[in-house]
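Visitor:
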DNA sequence: CTGATTTTGATAATCATTATCAATTAAATT
DNA sequence: AATTTAATTGATAATGATTATCAAAATCAG
């Protein structure tokens with residue numbers, strides 16, 4: 143299901159599915175919903191295959207983001223993070239727990255109103271990204 | 143008006159207003175509403191006084207952000223940017239023009255609903271940040 | 001199979017940021 | 001006012017993340 147969509151994207155872009163790329167993609171799929179940095183992907187990929195260079199990881203993540211298989215973003219902390227980008231809609235609304243660092247997603251709907259408002263003012267909105275910072279339910283109850 | 147608030151914050155935190163810091167703050171005030179990176183601040187500060195080191199700029203921006211005189215954020219492009227933080231409410235909702243790079247602000251209200259929703263689920267929300275990517279009215283009309 | 005093209009991995013280079021530390025400046029104490 | 005104490009500065013080294021380079025390996029097309 144996921145692989146089907148990915149293979150199609152790769153094909154469209156004449157982008158080969160090499161063993162290294164397959165491992166990297168598998169890491170991203172195994173971590174669906176999480177937001178991994180290049181070095182985290184590297185470590186997990188090494189665990190799976192042991193012959194992947196860090197340069198390949200950077201290149202592959204970058205390329206996969208450029209064809210929208212992955213979504214690339216940057217949080218406080220200053221390094222890029224990647225997550226599997228499923229479906230067509232942009233769902234980049236994150237809740238970041240300031241205690242445990244856990245990152246989860248937020249629903250879309252309400253934001254739509256804001257977009258409409260901005261478009262009325264003459265803006266053309268192509269994408270958006272919402273980040274909430276606070277404590278997740280677990281951490282919050284432990285205080 | 144702005145200076146009054148800033149001086150107070152500095153005092154509260156036993157944080158001296160040195161000539162270098164004054165220049166840096168003046169740069170931030172002159173660029174109210176803009177989002178400057180450390181090197182941009184450095185260049186403009188040099189223009190004003192010519193004896194400020196880049197290390198001092200980094201240190202000062204960091205310190206000013208820690209006492210909430212500045213707001214620190216990071217956009218695609220991988221470097222931190224600072225803007226003058228006025229008033230008490232968090233207004234970190236940005237519209238980033240993908241063409242000219244212009245960054246402007248979005249109103250608050252609607253987001254409040256989302257926060258309430260999340261708090262009902264057990265989250266404790268301390269801050270949030272919304273980024274829209276698209277074209278600003280000027281760039282949009284030129285297409 | 002052979003030559004052309006893409007991809008890889010090691011490593012060097014770069015860019016932003018942080019740490020170090022001696023020298024300077026300002027504040028507090030005498 | 002002089003002296004001690006603490007904070008701040010600037011130059012520069014160190015770090016961490018990312019990108020560029022380039023020869024070798026893998027893959028593709030004819």
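Residue numbers (this note's numbering), protein chains in the order written: chain A, 143 to 285; chain B, 143 to 285.
Where is the CB? At the ideal position from N, CA and C, for every residue including glycine.
(1) Between the C-alpha atoms of residue 231 of chain B and residue 173 of chain B, what's the straight-line distance to the nearest angstrom?
(2) Measuring CB to CB, does residue 227 of chain A end up less than 7 Å from residue 210 of chain A?
(3) Using CA coordinates, which residue listed in B:276, B:225, B:274 and B:154 is at the minimum distance from residue 168 of chain B?
(4) Let's see if you can read the secondary structure: which residues bound the beta strand (DSSP E) around residue 212 of chain B?
(5) For residue 220 of chain A, does the three-state DSSP call read helix, strand or coil?
(6) Does the pairing of the region 179 to 196 of chain B with the region 150 to 157 of chain B give three or more beta-carbon distances under 8 Å?
(7) For chain B, is any of its Cβ atoms less than 7 Å away from the one on residue 213 of chain A?
(8) Rounded to a whole number of angstroms, what is the C-alpha to C-alpha distance between residue 265 of chain A and residue 267 of chain B?
(9) Establish whether the CB of residue 254 of chain A and some CB of chain B are separated by less than 7 Å.
(10) Does DSSP put residue 272 of chain B in a helix, a strand or coil?
(11) Grab me the residues of residue 148 of chain A's own chain with a C-beta within less than 8 Å of its C-beta, minus the 5 sequence neighbours each way, in chain order.
(12) Residues of chain B with CB under 9 Å from residue 267 of chain A, in chain order?
(13) Mind checking if residue 194 of chain B is an interface residue toward chain A, Cβ cutoff 7 Å exclusive?
(14) As a quick exercise: from A:275, A:257, A:273 and A:283, pick the residue whose alpha carbon is nearest that of residue 278 of chain B.
(15) Whole angstroms is fine: what's the gap from residue 260 of chain B's alpha carbon to residue 193 of chain B's?
Guide: For this structure:
(1) Walking along the second chain from the start, residue 231 of chain B turns up at place 89. Walking along the second chain from the start, residue 173 of chain B turns up at place 31. Residue confidence is low: residue 231 of chain B scores 49 on pLDDT, short of 50, so the model does not pin down where it sits. Its coordinate-derived value is still stated next. In this structure, the straight-line span from the alpha carbon of residue 231 of chain B to that of residue 173 of chain B is close to 20 Å.
(2) As a working mapping, residue 227 of chain A is identified with position 85 in the first chain. As a working mapping, residue 210 of chain A is identified with position 68 in the first chain. Closer than 7 Å, so yes.
(3) For the purposes of this step, residue 168 of chain B is taken as the residue at position 26 of the second chain. From the listed residues B:276, B:225, B:274 and B:154, the smallest Cα separation to residue 168 of chain B is found for B:225.
(4) Numbered from 1 along the second chain, position 70 holds the residue referred to as residue 212 of chain B. Bounds of the beta strand (DSSP E) holding residue 212 of chain B are 212 to 216.
(5) Locating residue 220 of chain A in the first chain gives position 78, where the first residue counts as 1. DSSP places residue 220 of chain A in the coil class of the three-state scheme, outside both helix and strand.
(6) Under the Cβ criterion (8 Å, minimum of three pairs), the region 179 to 196 of chain B does not count as touching the region 150 to 157 of chain B.
(7) Against the first chain, residue 213 of chain A aligns to sequence position 71. It does not; no Cβ of chain B falls within 7 Å.
(8) Position 123 of the first chain holds residue 265 of chain A. Position 125 of the second chain holds residue 267 of chain B. Distance between the alpha carbons of residue 265 of chain A and residue 267 of chain B: 29 Å.
(9) Residue numbering aside, residue 254 of chain A sits at position 112 when the first chain is read from its first letter. No, residue 254 of chain A lies away from the interface with chain B (no Cβ there is under 7 Å from its Cβ).
(10) In the second chain, the residue the question calls residue 272 of chain B occupies position 130. Strand.
(11) If you number the first chain from 1, residue 148 of chain A lands on position 6. The residues are 167 and 211.
(12) Within the first chain, residue 267 of chain A is the residue found at index 125, counting from 1. Below the 9 Å Cβ cutoff, chain B contributes 237, 274, 275, 276 and 277 as neighbours of residue 267 of chain A, in chain order.
(13) The residue you call residue 194 of chain B lines up with position 52 of the second chain. No - not a single Cβ of chain A is within 7 Å of the one on residue 194 of chain B.
(14) For the purposes of this step, residue 278 of chain B is identified with residue 136 of the second chain, where counting begins at 1. Closest option to residue 278 of chain B, Cα to Cα, is A:257.
(15) Locating residue 260 of chain B in the second chain gives position 118, counting from the first residue. Locating residue 193 of chain B in the second chain gives position 51, counting from the first residue. Going from the Cα of residue 260 of chain B to the Cα of residue 193 of chain B covers about 48 Å.
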